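Engineer: Letter 59 of the sequence shown, counting from 1, is numbered 136 in our numbering, and no numbers are missing.
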Amino acid sequence: MSLASGTQLGPYEILSPLGAGGMGEVYRARDPRLDRDVAIKVLPAAYSNDPDRLRRVEREAFA
78 MSLASGTQLG PYEILSPLGA GGMGEVYRAR DPRLDRDVAI KVLPAAYSND
128 PDRLRRVERE AFA
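1. Do the stretch 125-135 and the stretch 103-114 touch if we need at least three Cβ pairs shorter than 8 Å?
2. Give a yes or no on whether the C-beta atoms belonging to A116 and R105 are separated by under 8 Å.
3. If you reduce the DSSP assignment to three classes, tell me which class L80 lands in.
4. Measure the C-alpha to C-alpha separation of L86 and E102 and round it to an integer number of angstroms.
Printed below as a string of structure tokens:
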């Protein structure tokens with residue numbers, strides 16, 4: 078799933094792609110609530126049913 082610049086994802090506005098890999102796509106986005114840019118990783122839909130992959134993503138987020 079590729080997101081175009083200007084796409085709203087929850088409260089975030091996608092600004093540009095940063096990269097992609099085996100665990101998903103990463104985008105630069107704007108968080109208007111905190112008035113700053115953030116990185117957002119979008120995972121493949123298949124990950125939502127795989128507890129092991131979800132744990133890996135959670136560990137990565139804490140790192």
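Heads up, the beta-carbon is just placed ideally off N, CA and C, and yes, glycines get one too. Nothing here was measured: the structure is a model prediction, and the numbers come from that model.
Structural biologist: Short version:
1. Contact between the stretch 125-135 and the stretch 103-114 is absent, because fewer than three Cβ pairs lie under 8 Å.
2. The Cβ atoms of A116 and R105 lie closer than 8 Å to each other.
3. coil
4. 14 Å
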